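One structure below.
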Amino acid sequence: ETGVTQSPTHLIKTRGQQVTLRCSSQSGHNTVSWYQQALGQGPQFIFQYYREEENGRGNFPPRFSGLQFPNYSSELNVNALELDDSALYLCASSLNPGQGNGELFFGEGSRLTVL
Amino acid sequence: AQSVTQLGSHVSVSEGALVLLRCNYSSSVPPYLFWYVQYPNQGLQLLLKYTSAATLVKGINGFEAEFKKSETSFHLTKPSAHMSDAAEYFCAVSDSASGYQKVTFGIGTKLQVIP
């Protein structure tokens, strides 16, 4: 069984640039969620993708966008980077998105630093 | 709206002592509750979850948590702390009211185990 993998693990960008983070979901999982974890904080829900559609979104501006592909892998794109976007970005895969009781399987995250 | 409050951002215990990490939740519908653990530079791993079955939930590594509806609490305990338990612990709540799995995390409690 292949777990959730994320790339890149670390990256540095400057203000105003754009970034793309990638995630491969655990084998058999059809749902991917993205979270932002700022230093010293808990993960904050960005959005969730199910069957290649965004089916839920947290309190993040439109410059945070995503995609899910037919193989259930996913991308998180952030445009016009701001200093406050510096954080660990976590991808989590799961089953049964509508039931709320499923376990999230997390990758190790992509640490983004914006200078 | 669902939310989680974790009391104590840092907890220190001696090796062999009782571990008690506190979590209170707020949810407009019957909740699903989770405890996740995060080791340095890693993603989150599920310790245990409550999904309306038994109120006392046993998890991995000797941890357990008790769901108390009257107190809206879901505290995490372990009878005897081990050095390997040093990590950050996140309480989380989810429900199916939104039609997708939005998991809301607490701010986290960093557990230090003193030899």
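If you're matching them up, the sequences are chains V and B in order. Under our numbering, the first residue of the first sequence is numbered 1, with each subsequent residue one higher. Under our numbering, the first residue of the second sequence is numbered 1001, with each subsequent residue one higher. Glycine included, every Cβ here is placed at the ideal spot set by N, Cα and C. No experiment lies behind these values; they were computed from the predicted model shown.
Using alpha carbons as the reference points, say which of the options lies closest to residue i.
{"i": "residue 67 of chain V", "options": "V/59, V/46 and V/54", "result": "V/54"}
{"i": "residue 115 of chain V", "options": "V/106, V/87, V/42 and V/105", "result": "V/87"}
{"i": "residue 1032 of chain B", "options": "B/1053, B/1007 and B/1061", "result": "B/1053"}
{"i": "residue 1016 of chain B", "options": "B/1060, B/1091, B/1088 and B/1080", "result": "B/1080"}
{"i": "residue 1058 of chain B", "options": "B/1083, B/1078 and B/1104", "result": "B/1078"}
{"i": "residue 1010 of chain B", "options": "B/1094, B/1043, B/1090 and B/1101", "result": "B/1090"}
{"i": "residue 59 of chain V", "options": "B/1067, B/1043, B/1104 and B/1008", "result": "B/1104"}
{"i": "residue 73 of chain V", "options": "V/82, V/50, V/83 and V/85", "result": "V/50"}
{"i": "residue 1035 of chain B", "options": "B/1083, B/1094 and B/1101", "result": "B/1094"}
{"i": "residue 14 of chain V", "options": "V/82, V/52 and V/91", "result": "V/82"}
{"i": "residue 61 of chain V", "options": "V/91, V/90 and V/36", "result": "V/36"}
{"i": "residue 1018 of chain B", "options": "B/1100, B/1006, B/1068 and B/1085", "result": "B/1085"}
Report all residues from its chain with a CB closer than 8 Å to the CB of residue i; omit the five preceding and five following residues, and keep chain order.
{"i": "residue 1041 of chain B", "result": "none"}
{"i": "residue 95 of chain V", "result": "28, 29, 30, 31 and 102"}
{"i": "residue 9 of chain V", "result": "108, 109, 110 and 111"}
Since residue i meets chain V, which of its residues come closer than 7 Å, beta carbon to beta carbon?
{"i": "residue 1090 of chain B", "result": "42"}
{"i": "residue 1051 of chain B", "result": "101"}
{"i": "residue 1103 of chain B", "result": "45 and 104"}
Can you check whether the C-beta of residue i is within less than 8 Å of a C-beta belonging to chain V?
{"i": "residue 1070 of chain B", "result": "no"}
{"i": "residue 1107 of chain B", "result": "yes"}
{"i": "residue 1032 of chain B", "result": "yes"}
{"i": "residue 1094 of chain B", "result": "yes"}
Starting from residue i, find everything on chain B with Cβ-Cβ shorter than 9 Å and list it in chain order.
{"i": "residue 90 of chain V", "result": "1043 and 1044"}
Got a sec? Which residues, its chain only, sit under 7 Å from residue i by beta carbon, not counting five neighbours each side?
{"i": "residue 80 of chain V", "result": "16 and 63"}
{"i": "residue 57 of chain V", "result": "47"}
{"i": "residue 12 of chain V", "result": "113 and 115"}
{"i": "residue 1102 of chain B", "result": "1094"}
{"i": "residue 1083 of chain B", "result": "1015, 1113 and 1115"}
Can you pull the chain B neighbours of residue i, defined as C-beta to C-beta under 8 Å?
{"i": "residue 48 of chain V", "result": "1100, 1101 and 1102"}
Report all residues from its chain with a CB closer than 6 Å to the CB of residue i; omit the five preceding and five following residues, and keep chain order.
{"i": "residue 7 of chain V", "result": "22"}
{"i": "residue 18 of chain V", "result": "79"}
{"i": "residue 20 of chain V", "result": "75 and 77"}
If you measure from the beta carbon of residue i to each beta carbon in chain B, is any gap under 8 Å?
{"i": "residue 75 of chain V", "result": "no"}
{"i": "residue 55 of chain V", "result": "yes"}
{"i": "residue 16 of chain V", "result": "no"}
{"i": "residue 94 of chain V", "result": "yes"}
{"i": "residue 109 of chain V", "result": "yes"}
Which bits of chain D does residue i rub up against, with CB to CB less than 9 Å?
{"i": "residue 28 of chain V", "result": "No chain D appears in this structure, whose protein chains are V and B."}
**Report entry** Validate contact between the region 1026-1037 of chain B and the region 1065-1075 of chain B using beta carbons, cut 8 Å, 3 pairs
**Finding:** By the Cβ rule, the region 1026-1037 of chain B counts as touching the region 1065-1075 of chain B, because three or more pairs are nearer than 8 Å.
Query - Touch test, the region 1047-1060 of chain B against the region 1103-1113 of chain B, Cβ-Cβ under 8 Å, three pairs minimum - result: Judged by Cβ distances under 8 Å, the region 1047-1060 of chain B makes no contact with the region 1103-1113 of chain B, as fewer than three pairs qualify.
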